[in-house]
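To start, the structure itself, in structure tokens.
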Amino acid sequence: MQLTLPPLRALQAFESFGRLGSVTAAAKELGVTPGAISQQIKILENQLKMPLIMKDGRRASLSPAARSYHELVSAGFGKLHQAQHLLSQHVADLDVQISGLPTLLLKWLNPRLHRFETAQGAASIRLEATHVEPDPQFLNHMFRLTYGAASEAFPHVRALFHDVCFPVCSPDFLARNPAASDPATLGTVPWIDIDWGPGFASVPRLGDWMTAQDLPPLRTKPVSVHSLSSLALEAAAAGQGVALAQASFASMDLKLGRLVRLSEQSVKMPEPYFICWAPLLLENEVSRNFLNWILTEARNL
Numbered sequence: 001m002q003l004t005l006p007p008l009r010a011l012q013a014f015e016s017f018g019r020l021g022s023v024t025a026a027a028k029e030l031g032v033t034p035g036a037i038s039q040q041i042k043i044l045e046n047q048l049k050m051p052l053i054m055k056d057g058r059r060a061s062l063s064p065a066a067r068s069y070h071e072l073v074s075a076g077f078g079k080l081h082q083a084q085h086l087l088s089q090h091v092a093d094l095d096v097q098i099s100g101l102p103t104l105l106l107k108w109l110n111p112r113l114h115r116f117e118t119a120q121g122a123a124s125i126r127l128e129a130t131h132v133e134p135d136p137q138f139l140n141h142m143f144r145l146t147y148g149a150a151s152e153a154f155p156h157v158r159a160l161f162h163d164v165c166f167p168v169c170s171p172d173f174l175a176r177n178p179a180a181s182d183p184a185t186l187g188t189v190p191w192i193d194i195d196w197g198p199g200f201a202s203v204p205r206l207g208d209w210m211t212a213q214d215l216p217p218l219r220t221k222p223v224s225v226h227s228l229s230s231l232a233l234e235a236a237a238a239g240q241g242v243a244l245a246q247a248s249f250a251s252m253d254l255k256l257g258r259l260v261r262l263s264e265q266s267v268k269m270p271e272p273y274f275i276c277w278a279p280l281l282l283e284n285e286v287s288r289n290f291l292n293w294i295l296t297e298a299r300n301l
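In structure tokens, the structure reads:
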């Protein structure tokens with residue numbers, strides 16, 4: 001029995017509603033009225049012969065049965081968006097396209113990129129910061145900078161560096177909280193946590209650093225928890241507390257005096273950072289030059 005695919009407009013309305021959580025937000029994103037979103041979702045429900053939306057008073061959400069369906073539909077639209085980006089980048093005739101983890105691009109690559117631009121001369125570079133790993137087939141058109149086991153999905157991989165972590169805070173925070181300067185009392189001051197999510201449970205946090213140094217455990221809850229290391233470092237630089245910083249991410253802030261290192265003792269990240277690519281990418285001379293340059297930069301850390 002051949003199944004007929006639902007209308008693309010209905011799937012698009014359903015995907016947007018499930019991702020954004022409201023009819024109004026989906027309507028705004030797609031440039032239509034809320035009534036049009038509701039109508040398209042109703043069309044989809046009629047074709048699938050199942051309810052997709054639950055209502056609790058004035059609040060609407062996906063039904064349990066619709067959630068797994070939405071995940072697959074959303075993944076499909078994600079591939080469509082990637083393909084559109086790929087085409088747009090090709091039309092723009094960019095020399096180097098780089099997809100990477102947000103903090104890795106912001107705090108490690110970006111402060112160094114001017115050196116490549118100076119050596120290369122005129123070159124058009126696109127940086128796309130995302131936690132979502134691209135489909136390996138797209139790496140014929142872009143590099144991917146990522147961490148750990150995620151690199152194993154890609155055809156060509158080279159390790160960049162293996163980072164270490166240590167506690168940091170702002171000079172102003174240290175002046176207000178002198179106990180932060182003594183590892184024995186560090187656990188008594190306000191601190192900032194970094195949580196990459198359940199897939200990265202082995203990545204060290206400030207409590208792990210304390211344990212590794214045989215220090216007393218942290219005695220308070222964190223003042224804030226961030227999923228991005230860069231946000232945690234900005235919170236630390238703003239004087240909110242102590243954060244466990246990766247050396248590669250904190251180097252520029254330490255150099256500028258926005259952060260100070262509180263101990264020479266460090267803990268190692270479980271896995272290295274990697275650069276990934278596919279064979280056809282290196283047919284581009286500027287891409288070959290970029291790969292050689294970034295590997296040299298990583299060796300010189």
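According to our numbering, the sequence shown holds residues 1 to 301 in order. The beta-carbon is built from N, C-alpha and C at its ideal position, and this holds for glycine as well.
Quick one: using the 10 Å Cβ neighbour count with 16 as the cut-off for buried, is residue i buried or exposed?
| i | result |
| --- | --- |
| Met-54 | exposed |
| Trp-191 | buried |
| Met-210 | buried |
| Asp-253 | buried |
| Glu-15 | buried |
| Asn-281 | Before going further, note that residue 281 is Leu rather than Asn in the sequence given. So Leu-281 counts as buried. |
| Ala-180 | buried |
| Asp-163 | buried |
| Gly-241 | buried |
| Gly-121 | exposed |
| Leu-72 | exposed |
I think residue i touches residue j, with their Cβ atoms under 8 angstroms apart; what is that distance to the nearest whole Å?
| i | j | result |
| --- | --- | --- |
| Gly-100 | Leu-145 | 3 angstroms |
| Leu-44 | Pro-6 | 5 angstroms |
| Ala-129 | Leu-106 | 7 angstroms |
| Cys-169 | Pro-204 | Contact flag wrong, Cβ pair sits at about 17 angstroms. |
| Glu-133 | Ala-150 | 5 angstroms |
Residue i bridges to which residues according to DSSP?
| i | result |
| --- | --- |
| Ile-41 | Answer is none; Ile-41 lacks a bridge partner. |
| Glu-128 | Ser-99 |
| Thr-146 | Phe-274 |
| Ser-61 | Met-54 |
| Asp-193 | Val-225 |
| Ala-243 | Val-168 and Ile-192 |
| Leu-260 | Looking at the sequence provided, one finds Val at residue 260 rather than Leu. Cys-169. |
| Val-267 | Cys-165 |
| His-156 | Trp-277 |
Per DSSP, what kind of secondary structure is residue i in: helix, strand or coil?
| i | result |
| --- | --- |
| Met-50 | coil |
| Phe-173 | helix |
| Glu-117 | helix |
| Ser-248 | helix |
| Thr-24 | helix |
| Pro-167 | strand |
| Phe-161 | strand |
| His-141 | coil |
| Val-73 | helix |
| Glu-297 | helix |
| Asn-289 | helix |
| Leu-105 | helix |
| Val-31 | A quick correction: the sequence has Gly, not Val, at residue 31. Coil, per DSSP. |
| Gln-82 | helix |
| Ala-180 | helix |
| Glu-133 | coil |
| query | With a cut-off of 8 angstroms, do at least 3 Cβ pairs link the region 135-143 to the region 265-280? | reply | yes
| message | Taking 8 angstroms as the cut-off, does the region 282-297 touch the region 114-122 (at least 3 CB pairs, one atom from each stretch)? | response | yes
| Can you find at least 3 beta carbon pairs, one from the region 171-188 and one from the region 255-266, that sit closer than 8 angstroms? | yes
| Does the region 216-236 come within contact of the region 149-165, defined as at least 3 CB pairs closer than 8 angstroms? | no
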